[in-house]
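Peer 1: Here it is, the structure in full.
There are 2 protein chains.
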Amino acid sequence: MTRPSPRTDIAHEALKQAILERALQPGTKLPEDEIGAHFGMSRTLVRAVLAKLQSEGLVDARPKRTAIVAQPTLAEARDVFEVRRGLEAQAVDLVIKRWKPSFGAELEGLVREEDAARERHEEHVAGRLGGEFHIRLAKLSGNVLLERYMSELVTRCSLILAVYGSPHSHDHSGPNEHIEIIAALRAGDAAKAIGLMDAHMSVVERRAMHDTDPASVALGDVLARYAGAIAGRDGAIPLKQKRAK
Amino acid sequence: MTRPSPRTDIAHEALKQAILERALQPGTKLPEDEIGAHFGMSRTLVRAVLAKLQSEGLVDARPKRTAIVAQPTLAEARDVFEVRRGLEAQAVDLVIKRWKPSFGAELEGLVREEDAARERHEEHVAGRLGGEFHIRLAKLSGNVLLERYMSELVTRCSLILAVYGSPHSHDHSGPNEHIEIIAALRAGDAAKAIGLMDAHMSVVERRAMHDTDPASVALGDVLARYAGAIAGRDGAIPLKQKRAK
DNA sequence: ACGCTCAATCTCGTATGCATGAATGGATCG
DNA sequence: CGATCCATTCATGCATACGAGATTGAGCGT
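Protein chains in written order, with the working numbering: chain A, 13 to 257; chain B, 13 to 257.
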């Protein structure tokens, strides 16, 4: 699961997780210099990372201002969930068409992992696995593009839940719904599976209520923490000096 | 419709059109230097443009090789059409839910434009307008994200048709099908509209047969032509020298 | 005391340079 | 005569430099 580890991927992953876990609250400024300093790379690369995060809807980078963590509006949230419902339905449909017995075990494995994480009170991990379920489902559809889109949608939904959702139920009410969906898939009951999925989405979506104000965070500390967790080391990474000839 | 005109948008639009019109055949190398020279910008910006085109599936830019015009595989083509069918259905559904009388006129206007272009034998323009119909439909759904996805999908479909499709029927068999879809939308008949749309997609999709080899093209000539058409001037644009203090 | 203007500073936009890795053509060997 | 290996050339990866726009804080005026 872990990437090859080009520094640029580390920075991308670190920022993504930091945003999704709300360690970097919406509205937080993300200056290219500072980020580059902490990850040991130049603004050129940071810029690429921020561009990618923007295309994923996690960062808002307007023409000549400092990029900030995205603050999804309710309208955007509605759009995201709407499209996601549609693609989830399609994913379910395709998965049933191309069903193999191994699929059930694979999905159940994920649900178990999520359960385990939740029992360990690792809410963030559990939340991530909850989203992973849907991405895996899309992957099982055999459609790479669908998987990509679903991945992006799940990410955006996570941010939306982090912003508008109730503080601690990070992504899902419980994995029970996932289990039911798996059962319907296994039975080949497309209509029921889609119905369940839709209900599931409703539950997730119906947590668009609260609101919070973007407080200032110690960007440095957060980055160091996340970069460390991912790269396996901590603290700021110094820029690689000119190597000896 | 025309952009504000940052050079970077011009380059992006020019390359996009050149690729979709098959003036730059799949496999054609796209060196950053050369492109930059022709659009009067540095490799830094070209790189950003190429990255965007890659994310749109029009360019293939592998780690350390020169970027090339994308060569979609049949598997990719299948994925694209599959997802597009799903989103088209959803778009139709939403448009009917939020229908306003003005929608019909708007869509019909596009169809008429397409007809006119086709009568003038401007196949490329007609093809573009044919795709535009679907993007507009998605826009009328009121879902910005859906519009974005549809836009990307239509673009990719255009490339696929350019590669695998029959030489001259550039995007659509005819606007008749569009007219029928509009009628169903106006009648609020979601099932029929979705059925028509699906049939329409089938027709478009069923043109995955031929193949062609990537011949070498005079990149310079093509770029000059397309840059001229978009920017309103022609020829290579010299890099802006250091301006006097 | 409050608001406005302007200057100092913080970032971004973009070009360019240097180093490294791929592509290519020629020379050599079988 | 053909294939392979190596050197040269080309194109990219990345950092850095410089100029310009945005931000903000201080000083002035009312």
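Note that CB positions come from ideal geometry on N, CA and C, so glycine has one too.
Closer than 8 Å is the cut-off here; do at least three beta carbon pairs connect the region 58-65 of chain A with the region 138-158 of chain A?
Peer 2: Segments in contact, no.
Peer 1: Rounded to a whole number of angstroms, what is the C-alpha to C-alpha distance between residue 210 of chain A and residue 31 of chain A?
Peer 2: As a position in the first sequence, residue 210 of chain A is number 198, starting the count at 1. As a position in the first sequence, residue 31 of chain A is number 19, starting the count at 1. Taking the straight line from one Cα to the other gives about 27 Å.
Peer 1: Count the other C-beta atoms from every protein chain shown that fall within 10 angstroms of the C-beta of residue 167 of chain B, then say buried if there are 16 or more, exposed otherwise.
Peer 2: Walking along the second sequence from the start, residue 167 of chain B turns up at place 155. By the neighbour-count rule (16 or more Cβ atoms within 10 Å), residue 167 of chain B is buried.
Peer 1: Does the beta carbon of residue 161 of chain B come closer than 8 Å to any beta carbon on chain A?
Peer 2: Counted from its first residue, the second sequence places residue 161 of chain B at position 149. Yes, residue 161 of chain B counts as interfacial toward chain A.
Peer 1: Quick one: what does DSSP say residue 76 of chain A is sitting in, helix, strand or coil?
Peer 2: By 1-based counting over the first sequence, the position of residue 76 of chain A is 64. Residue 76 of chain A: coil per DSSP, three-state reduction.
Peer 1: Would residue 93 of chain A and residue 119 of chain A qualify as a contact pair, given that the criterion is a beta-carbon distance under 8 Å?
Peer 2: For the purposes of this step, residue 93 of chain A is identified with residue 81 of the first sequence, where counting begins at 1. For the purposes of this step, residue 119 of chain A is identified with residue 107 of the first sequence, where counting begins at 1. Contact flag unset, no.
Peer 1: Could you tell me whether the region 42-53 of chain A touches the region 28-45 of chain B, where touching means 3 or more Cβ pairs closer than 8 Å?
Peer 2: Because the criterion of three Cβ pairs below 8 Å is not met, the region 42-53 of chain A and the region 28-45 of chain B do not touch.
Peer 1: Would you call the region 193-205 of chain A and the region 92-109 of chain A touching, i.e. three or more CB-CB distances under 8 Å?
Peer 2: Verdict: yes, contact present.
Peer 1: Within 10 Å of its beta-carbon, does residue 80 of chain A have 16 or more other beta-carbons around it, so buried, or fewer, so exposed?
Peer 2: Here residue 80 of chain A is taken as the residue at index 68 of the first sequence, counted from 1. Answer is buried; the Cβ neighbour count reaches 16.
Peer 1: Going along the chain, which residues of the region 17-48 of chain B sit with their C-beta nearer than 8 Å to a C-beta in chain A?
Peer 2: Per Cβ criterion, the list is empty.
Peer 1: When burial is assigned at 16 or more other CB atoms within 10 Å of the CB, is residue 84 of chain A buried or exposed?
Peer 2: As a first step, residue 84 of chain A must be located in the first sequence, where it is residue number 72. With 16 or more other Cβ atoms within 10 Å, it is buried.
Peer 1: Beta-carbon of residue 94 of chain B versus every beta-carbon of chain A: anything under 8 Å?
Peer 2: Along the second sequence, one-based indexing puts residue 94 of chain B at 82. Residue 94 of chain B counts as touching chain A.
Peer 1: Taking DSSP as the reference, what is the three-state secondary structure of residue 28 of chain A?
Peer 2: As a first step, residue 28 of chain A must be located in the first sequence, where it is residue number 16. Looking at residue 28 of chain A - three-state DSSP - the assignment turns out to be helix.
Peer 1: For residue 58 of chain A, would you say it is in contact with chain B, using Cβ-to-Cβ distances shorter than 8 Å as the test?
Peer 2: For the purposes of this step, residue 58 of chain A is taken as residue 46 along the first sequence, with counting starting at 1. Not closer than 8 Å to any Cβ of chain B, the Cβ of residue 58 of chain A fails to qualify, so no.
Peer 1: Please state whether DSSP places residue 41 of chain B in a helix, a strand or coil.
Peer 2: Position 29 of the second sequence holds residue 41 of chain B. The answer is strand: DSSP assigns residue 41 of chain B an E or B state.
Peer 1: Taking its Cβ as the centre, do 16 or more other Cβ atoms sit within 10 Å of residue 86 of chain B, making it buried, or is it exposed?
Peer 2: Counting from one through the second sequence, the residue named residue 86 of chain B turns up at place 74. Counting Cβ neighbours within 10 Å, residue 86 of chain B comes out exposed, since fewer than 16 surround it.
Peer 1: Just to confirm my understanding: we take residue 33 of chain A, look at its own chain, exclude 5 residues before and 5 after, and list those with CB closer than 6 Å. What are they?
Peer 2: One-based indexing of the first sequence puts residue 33 of chain A at position 21. The residues are 136.
Peer 1: Who are residue 71 of chain A's beta bridge partners in DSSP?
Peer 2: For the purposes of this step, residue 71 of chain A is taken as residue 59 along the first sequence, with counting starting at 1. According to DSSP, residue 71 of chain A bridges with A:81.
Peer 1: For my contact list, residue 142 of chain B and residue 126 of chain B are in at a C-beta cut-off of 8 Å; report their separation, rounded to the angstrom.
Peer 2: Along the second sequence, read from residue 1 onward, the residue named residue 142 of chain B stands at position 130. Along the second sequence, read from residue 1 onward, the residue named residue 126 of chain B stands at position 114. Right, the Cβ-Cβ distance comes to about 6 Å (below 8 Å), so this counts as a contact.
Peer 1: What does the alpha-carbon distance come out to for the pair residue 122 of chain B and residue 238 of chain A?
Peer 2: As a working note, residue 122 of chain B is residue 110 in the second sequence. As a working note, residue 238 of chain A is residue 226 in the first sequence. Distance between the alpha carbons of residue 122 of chain B and residue 238 of chain A: 50 Å.
Peer 1: Assign residue 170 of chain B to one of three DSSP states: helix, strand, or coil.
Peer 2: Here residue 170 of chain B refers to the residue found at position 158 when the second sequence is read from its first residue. Helix at residue 170 of chain B.
Peer 1: Whose CA, out of A:96, A:98, A:104, A:213, lies closest to the CA of residue 198 of chain A?
Peer 2: Locating residue 198 of chain A in the first sequence gives position 186, where the first residue counts as 1. Residue 198 of chain A has its Cα closest to that of A:104, out of A:96, A:98, A:104, A:213.
Peer 1: Who are the near neighbours of residue 201 of chain A in its chain, counting only those whose CB is closer than 6 Å to its CB and skipping five residues on each side?
Peer 2: By one-based count along the first sequence, residue 201 of chain A stands at place 189. No residues qualify anywhere along the chain.
Peer 1: By how many angstroms is the C-alpha of residue 51 of chain A removed from the C-alpha of residue 23 of chain A?
Peer 2: Along the first sequence, one-based indexing puts residue 23 of chain A at 11. Along the first sequence, one-based indexing puts residue 51 of chain A at 39. Spanning the two alpha carbons is a distance of roughly 6 Å.
Peer 1: Under 7 Å, CB to CB, which of the residues in the region 148-159 of chain A have a partner in chain B?
Peer 2: Taking 7 Å as the Cβ-Cβ cut-off against chain B, the residues of the region 148-159 of chain A that qualify are 155, 156, 157, 158.
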